[in-house]
Amino acid sequence: MRFPKRTVYCGEVRPTDVGRRVILNGWVARIRDLGGVIFLDIRDHTGICQALIRPAQQPEIARQARHLTVESVIWLEGIVQWRENPNPALPTGLVEIATEAFGLLNPSVPPPFPISDDVPLTEEVRLRYRYLDLRRPQMQRHLRLRHRVYQVIHRYFDQQGFVEIETPMLTRSTPEGARDFLVPSRLHPGRFYALPQSPQLFKQLLMVAGFDRYVQIVKCFRDEDLRADRQPEFTQVDVEMAFVERDDVLALTEGLFAQLWQELWDIELKLPFPRLTYAESMSLYGTDKPDLRYDLRIHTVTDLFADTAFTIFRTAYQQGHVIAGIRLEGGAAYSRRELEEIAESVRPFGLPGLVWIKYDTDGWHSPVAKHLSPSEYEGLRERFQLREGDLVLLVAAPWQTCYPALGALRQTLSRRAGLISSGSPEYCFLWVVDFPLLEYSAAEGRYVARHHPFTAPLEEDLPLLDIAPEKVRAQAYDLILNGEEIGGGSIRIHTAELQQKIFTLLGISPEQARQKFGFLLEALRYGAPPHGGIALGLDRIVMLMAGAESLRDVIAFPKTTSGLSLVDGAPAPVEPEQLAELGITLVTPDQTS
RNA sequence: GGGGCCGUAGCUCAGCUGGUUAGAGCGCCUGCCUGUCACGCAGGAGGACGCGAGUUCGAGUCUCGUCGGCCCCGCCA
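Written out as structure tokens, the structure reads:
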């Protein structure tokens, strides 16, 4: 098809173009037919430009324009001129095109929804007509931002001497970790590939191979239930470095974010990012991914209540529980009803509620006021640095319950008190380090790796491996941004002996280890350098940068909460012949196939 | 695996305790209109109330199941 090609993008027509002949290619955004004059808005990804048609002088053009439908694709030629009535709301609002000719390249049936950012749409409709949803300016912005993020990442790692290497998508299923997506093998019926949950083992092999610094922007797959911030296929910036220690990886990563923020927004991030140990993060914020855009720190005050007359706290103290709480500045203004609502946030943790104490101009107010002594009040005032008008919320429970409950309370309070300003975005990065290496899985009756089984323990904790494995800390780290985990990594085990020992600790027999991870154990014997790395969640990073609420808003073709792809209908049944070739028989044949 | 909210016109929604012929705004179609930019005005078309059972004289409305969307817990090294 031959047609007049654009000389300028719609959104880029400016007063400097006045008098020039231009050609636009784009979509009909809107037609305003006033009878004696017709306005045609033409849109492409850069914006909208108004074209003018005068039926009195151009009866044939007007006749054709009146047949146009919204979202039809056209070319349009004309002379740029000043508008009689400028529209300061538009970048192109000072000028318009005096149409001399236009042509229809492809008519459009009426779209199911207007191509605009300010119409409310259900997720279902958006995903079914994703190609129209993506035509909307906001989605265009999101995916173009994502593109720019890719470019900065590639440039940064190239500058830092990294090599991008592709690792296989058809790999072997490994125990530990999430469920795998399986791919049946036609050439080997009864055997399966697995889509990678991460290129972990391959990037370690690349370190053994001497590539020294590896990076890959790579799809990863996990067959687990979905969330607003979790998709079954997602993109990671996968990084591995040889001859490094933890702080080398952290510094390299910080440099990446500094460059992203610098290049995309001209914002200088303060480096290095703050670091908290896992233990500190849990006791100060009740979570391993705290949102530091607001303070609301947890204070532990168990010791204040050693001899208290208040039965609940005395019992807690005697049972070795923790008494801790949060101060909310100005919170004394909350009503009893509001406090009841706030208390709801700790109930899911199996707590009946919490103790609230107001410190106001006329003294202390609390349902438990009469049980507390003056010295206990004084202790609270001092610990929480209370000022008049403040509120203290206290919880008494085993520490495993107490801190997470207060972590949830922190979030509830910040929302209620509006502590996160929605106006100017604020970016609070944070490293959480020294995670426990293992955690006991009651379901499986054994220790499981908290990060993954290739994570190196802290050297100073090595002696604990044999006597108190649960106390061993790992050389693992998570990167947190505004309460979202955007990356995690570790220094890896680089000797076969230690790796074998960890497998044993995880209840993986030498036989199983040889079978499933033999290639790794073998590779580690051939001069594996000390190495470590990190995997960054690209989708989440772009989501936070775009200010989006959901991962779906920064992924071109995402899955729904139930893992369906509404645009192409995947997953779908397959022909019996395909199954036969693969040697697969369905236990419950799909009736729809 | 569990919990919550939702499904009514192309889109977004209303429809009170079950009761004539199911509504609105936007969009669409037709006509009018010379400076609009969410143009305006007049008229019109458009519905198996997601699907299937049940309760009832009667179900968009109540019950159960099912499919689909969103959010959360579990899960996600």
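Residues 25 to 617 in the working numbering are what the first sequence spells out, letter by letter.
Idealized CB from N, CA, C, for every residue including glycine.
Only a predicted model underlies this, so the values are computations on that prediction, with no experimental measurement involved.
Which of helix, strand or coil DSSP assigns to residue i
{"i": "V598", "result": "coil"}
{"i": "A357", "result": "helix"}
{"i": "A467", "result": "coil"}
{"i": "D236", "result": "coil"}
{"i": "I444", "result": "coil"}
{"i": "I62", "result": "strand"}
{"i": "H389", "result": "strand"}
{"i": "L352", "result": "strand"}
{"i": "A53", "result": "strand"}
{"i": "I202", "result": "Sequence check: residue 202 is Ala here, not Ile. Looking at A202 - three-state DSSP - the assignment turns out to be coil, as it is neither helix nor strand."}
{"i": "Q255", "result": "coil"}
{"i": "L610", "result": "coil"}
{"i": "Q539", "result": "helix"}
{"i": "T436", "result": "helix"}
{"i": "E605", "result": "helix"}
{"i": "Q343", "result": "coil"}
{"i": "C244", "result": "strand"}
{"i": "A580", "result": "coil"}
{"i": "P39", "result": "helix"}
{"i": "E264", "result": "strand"}
{"i": "R549", "result": "coil"}
{"i": "S589", "result": "strand"}
{"i": "H212", "result": "coil"}
Contact belief for residue i with residue j at Cβ below 8 Å, rounded distance in angstroms
{"i": "A480", "j": "I517", "result": "5 Å"}
{"i": "L545", "j": "R470", "result": "L545 to R470, Cβ: 20 Å. No contact."}
{"i": "R30", "j": "N49", "result": "4 Å"}
{"i": "R159", "j": "I189", "result": "Not really, about 36 Å apart at Cβ, beyond 8 Å."}
{"i": "G354", "j": "G310", "result": "The Cβ separation is near 21 Å, so there is no contact."}
{"i": "V419", "j": "F408", "result": "About 14 Å separates the two Cβ atoms, so there is no contact after all."}
{"i": "C244", "j": "F258", "result": "6 Å"}
{"i": "L118", "j": "W106", "result": "7 Å"}
{"i": "F181", "j": "P553", "result": "Actually they are not in contact, since the Cβ atoms of F181 and P553 sit about 19 Å apart, beyond 8 Å."}
{"i": "L320", "j": "L437", "result": "6 Å"}
{"i": "L482", "j": "A498", "result": "7 Å"}
{"i": "I77", "j": "L64", "result": "7 Å"}
With 16 other Cβ atoms within 10 Å as the buried cut-off, status of residue i
{"i": "T332", "result": "buried"}
{"i": "A340", "result": "buried"}
{"i": "D458", "result": "buried"}
{"i": "E400", "result": "buried"}
{"i": "D386", "result": "exposed"}
{"i": "S382", "result": "Looking at the sequence itself, residue 382 is Lys, so the reference to Ser does not match. Per the 10 Å Cβ criterion, buried."}
{"i": "D577", "result": "buried"}
{"i": "G102", "result": "buried"}
{"i": "G618", "result": "Past the boundaries of the shown model lies residue 618; the chain is included only from 25 to 617, so the question cannot be answered."}
{"i": "S305", "result": "buried"}
{"i": "G35", "result": "buried"}
{"i": "D502", "result": "buried"}
{"i": "L238", "result": "Looking at the sequence itself, residue 238 is Tyr, so the reference to Leu does not match. The residue is buried, with at least 16 neighbouring Cβ atoms inside 10 Å."}
{"i": "S586", "result": "exposed"}
{"i": "P600", "result": "exposed"}
{"i": "I608", "result": "exposed"}
{"i": "L328", "result": "buried"}
{"i": "D272", "result": "exposed"}
Start and end residues, beta strand (DSSP E) containing residue i
{"i": "M231", "result": "Looking at the DSSP string, M231 is not in any beta strand (DSSP E); the run it does join, the alpha helix (DSSP H), is 224-232."}
{"i": "M567", "result": "M567 -> not in any beta strand (DSSP E); alpha helix (DSSP H) instead, spanning 562-570."}
{"i": "I98", "result": "97-106"}
{"i": "S514", "result": "508-515"}
{"i": "G71", "result": "71-77"}
{"i": "D502", "result": "500-505"}
{"i": "D384", "result": "379-384"}
{"i": "L415", "result": "414-421"}
{"i": "V457", "result": "453-457"}
{"i": "A218", "result": "216-218"}
Element boundaries [alpha helix (DSSP H), containing residue i]
{"i": "M25", "result": "Neither: M25 is in no alpha helix (DSSP H) and is coded neither H nor E."}
{"i": "S307", "result": "302-309"}
{"i": "Y401", "result": "398-407"}
{"i": "F527", "result": "520-529"}
{"i": "A89", "result": "83-89"}
{"i": "L489", "result": "488-491"}
> What are the complete alpha helix (DSSP H) segments, minimum 4 residues, inside the region 109-197?
Replying inline: 147-152, 154-157, 161-183
> Which full runs of the beta strand (DSSP E) of 3+ residues lie inside the region 272-341, going along the chain?
Replying inline: You should have 299-301, 322-324.
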